[in-house]
Amino acid sequence: EYIDTQPPEWFIDLLLPKVNPLSKQFGEGRMVIYAAPIHEIGERWIDIRSIFALGFGIFVFVGLFLYWGVDWLIRPLQRLLDALAGFERGDLHIRLPEFSLAEMDQIGQTFNRMGQALEQSIEQNRRLAVLVQQSGDAILSLDRAGNILLCNPASEQLLGQPASNLLGRKLANLGFSDNQQQITEVLENCSVVENLETSFPQPKGNTVSILLSTVRLMDTDKTISGVICTLRDITDHKEAEAAANQLRETRLLAQHMSEVQEAERRHLARELHDELGQCLTAIKTDAVLIRNRTEQTEPKAFTSAQAIIDVASHIYDVVHNMITYLRPSPLDDLGLIATLEESISAWQLRQPDIDFKLHVSADLDNLNEMMNMTVFRVVQESITNAVRHADASEIAISVTNEHDSGGQDQLVLNIRDNGKGMVIDDFHSDVDFGLLGMRERAHSMGGEFKLESALGEGVSICITIPLGADKIV
15 EYIDTQPPEW
25 FIDLLLPKVN
35 PLSKQFGEGR
45 MVIYAAPIHE
55 IGERWIDIRS
65 IFALGFGIFV
75 FVGLFLYWGV
85 DWLIRPLQRL
95 LDALAGFERG
105 DLHIRLPEFS
115 LAEMDQIGQT
125 FNRMGQALEQ
135 SIEQNRRLAV
145 LVQQSGDAIL
155 SLDRAGNILL
165 CNPASEQLLG
175 QPASNLLGRK
185 LANLGFSDNQ
195 QQITEVLENC
205 SVVENLETSF
215 PQPKGNTVSI
225 LLSTVRLMDT
235 DKTISGVICT
245 LRDITDHKEA
255 EAAANQLRET
265 RLLAQHMSEV
275 QEAERRHLAR
285 ELHDELGQCL
295 TAIKTDAVLI
305 RNRTEQTEPK
315 AFTSAQAIID
325 VASHIYDVVH
335 NMITYLRPSP
345 LDDLGLIATL
355 EESISAWQLR
365 QPDIDFKLHV
375 SADLDNLNEM
385 MNMTVFRVVQ
395 ESITNAVRHA
405 DASEIAISVT
415 NEHDSGGQDQ
425 LVLNIRDNGK
435 GMVIDDFHSD
445 VDFGLLGMRE
455 RAHSMGGEFK
465 LESALGEGVS
475 ICITIPLGAD
485 KIV
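According to the working numbering, the sequence shown holds residues 15 to 487 in order.
The following block contains the structure:
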């Protein structure tokens, strides 16, 4: 019989009962009854199919729900695994986002802090490695026995050997020239030392001066694992220090010689004034007396007496100029300002074609003798050079008391001319030696010497000398 939904044969066979047909004789005929529950089987098939469809739908829904739920649950773990994989590749910039689950969010924040700490630590180690590699000092890492485990390029340069020859060797056995026993004890005992001076002969044959310092390397359990040793080449510093000491001694000697020279000049000026001056005065007095007595009676004697007077006067003027050059008397009696004014006036009389200008501060009369002589000699030498070599029409001298940037008093001396100028070069000519003398005088007083000049632009000399202890208070 036809039905809308035909169950499959296996389902019909499964549900169709095994019932024998019923047979009944009616007169001449026979009625046979067969069991045919196909409709019920079809209905059950429809019901079962509906149940299976519903179950499948529920299964699919539950599966999708579980898939989404599990994915939602394990997604943070997957991100954590991906971040760990990134760390393994060296990408320490990875950070986890915020998670809705409190536990996962706490794990993520801890992970981010760990990543930041690792990144900072690695960056710090990288900078430290760059610092060690580029350091000008030799830096060596030693174990407890004093063997070299690590060294930077400066170590190779200082010790004169490549790293391949240094690694594994005892630093103390490389052959330090000075304090060898102390260095051996320090390195073998992992002691701490700072700026131990020694020297090291390089393979090229030269010897370098070294400052050796050590610090201990400590493990996390506070046990000593070795030392970090630094070697600093101080050869240039030692040579510069020796040169500075020699220069200081030379300047002290020059200052002493200048003081001796001034003392000799003072003594010679006094002798010329006292001895020769008196003799000239006596000769001139006698000659005047003879001239007055023989003017009418003995013309020849009169003429000779007048000649003696003229020669004595000339000699007296020469001696007076010599005394002024050797030791200007106003410097002791009237001070620096009056001496400079008198000297400039004398120069103006001798060189009327040159306009001399002098500007002096009014508070420079209490300087000590050495300062006064330094200023006077520099002015004297500068004017002499300008008059002889500059072809100048104007010479300006300025001596002032000023304050430096730190508020300290200093004497500033400026001498400037408008002459033909000069090419500033090494000191080798007479003019240059005069400039050298000025510079050394300034340096001996702790001052500075500055020379500016060019062809056609004149010469400018500026000397700055700190007053301080050199000024009498």
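Note that beta-carbon positions come from the ideal geometry of N, C-alpha and C, so glycine has one too. Since the model is a prediction, treat every value here as computed from it, not as a measurement.
Nearest residue (CA-CA) to residue i, options the options
| i | options | result |
| --- | --- | --- |
| D27 | D105, H281, L354 and I52 | I52 |
| L425 | E416, L226 and T353 | E416 |
| I337 | L80, L30 and L286 | L286 |
| L450 | P35, S419, R391 and I60 | R391 |
| G420 | P480, L266 and S191 | P480 |
| S407 | N399, D367 and E383 | D367 |
| M387 | M459, D157, F70 and V437 | M459 |
| R455 | H270, I323 and A321 | H270 |
| E395 | Y339, I438 and Q134 | Y339 |
| T228 | T237, K236 and L245 | L245 |
| E54 | L30, L350, F40 and I72 | L30 |
| I351 | D369, V374 and V333 | V374 |
| G219 | N209, S191, E199 and I197 | S191 |
| A99 | A258, S64 and F125 | F125 |
| A301 | Q320, L290 and A283 | Q320 |
| L132 | V146, I153 and F101 | F101 |
| E211 | H107, T414, V413 and I248 | I248 |
For residue i, three-class secondary structure by DSSP
| i | result |
| --- | --- |
| I368 | coil |
| T237 | coil |
| S37 | strand |
| S396 | helix |
| M385 | helix |
| A468 | coil |
| P90 | helix |
| G43 | strand |
| V437 | coil |
| H373 | strand |
| L30 | coil |
| M452 | helix |
| H417 | strand |
| L210 | strand |
| R391 | helix |
| Q422 | coil |
| D431 | strand |
| L226 | strand |
| I350 | Going by the sequence as given, residue 350 is Leu instead of Ile. In this structure, L350 counts as helix in the three-state DSSP scheme. |
| E133 | helix |
| M232 | strand |
| A67 | helix |
| Y16 | Reliability fails at Y16, whose pLDDT of 45 lies under 50, so the model's placement of it is uncertain and the value that follows must be treated cautiously. Coil. |
| I409 | strand |
| F463 | strand |
| S474 | strand |
Other residues of its chain near residue i: CB distance less than 7 Å, five sequence neighbours each side excluded
| i | result |
| --- | --- |
| V150 | The sequence shown places Gly at residue 150, not Val. Hits under 7 Å: A168. |
| S155 | L163, L164, G240 and I242 |
| I329 | L294 |
| K252 | S223 |
| A315 | I304 and T308 |
| A143 | none |
| R230 | C204, V206, I238 and V241 |
| N432 | A406, S407, E408 and G472 |
| I297 | I322 and A326 |
| L185 | L154, L156, G160, I162, L201 and C243 |
Cβ neighbours of residue i in the same chain (closer than 6 Å, five flanking residues each side left out)
| i | result |
| --- | --- |
| K474 | Strictly speaking, residue 474 in this sequence is Ser, with Lys absent from that position. So the list reads R430 and E466, once near-sequence residues are dropped. |
| E471 | G435 |
| G122 | L110 and F113 |
| V46 | P35 and S37 |
| H442 | In this predicted model, H442 has a pLDDT of only 47, less than 50, meaning its place in the structure is not dependable; the value taken from the coordinates is given anyway. Excluding residues within five positions, none has a Cβ falling inside 6 Å. |
| T478 | Q424, V426, G461 and E462 |
| Y48 | P35 |
Exposed unless 16 or more other CB atoms sit within 10 angstroms - verdict on residue i
| i | result |
| --- | --- |
| L226 | buried |
| T299 | exposed |
| M128 | exposed |
| N187 | exposed |
| V389 | buried |
| V393 | buried |
| G41 | exposed |
| W361 | buried |
| I197 | buried |
| P21 | buried |
| M452 | buried |
| P90 | buried |
| G56 | buried |
| G182 | exposed |
Inset, instruction - Report the residue ranges of all alpha helix (DSSP H) runs contained in full by the segment 138 to 207; include only those spanning at least 4 residues, in chain order. - result: Listed in chain order, they are 167 to 173, 177 to 180 and 194 to 202.
Legend entry - Ranges of the alpha helix (DSSP H) found wholly within the segment 240 to 322, counting only runs of at least 4: Annotation note: the segment 240 to 322 contains the following uninterrupted alpha helix (DSSP H) runs of length 4 or greater, listed N- to C-terminal: 249 to 285 and 291 to 308.
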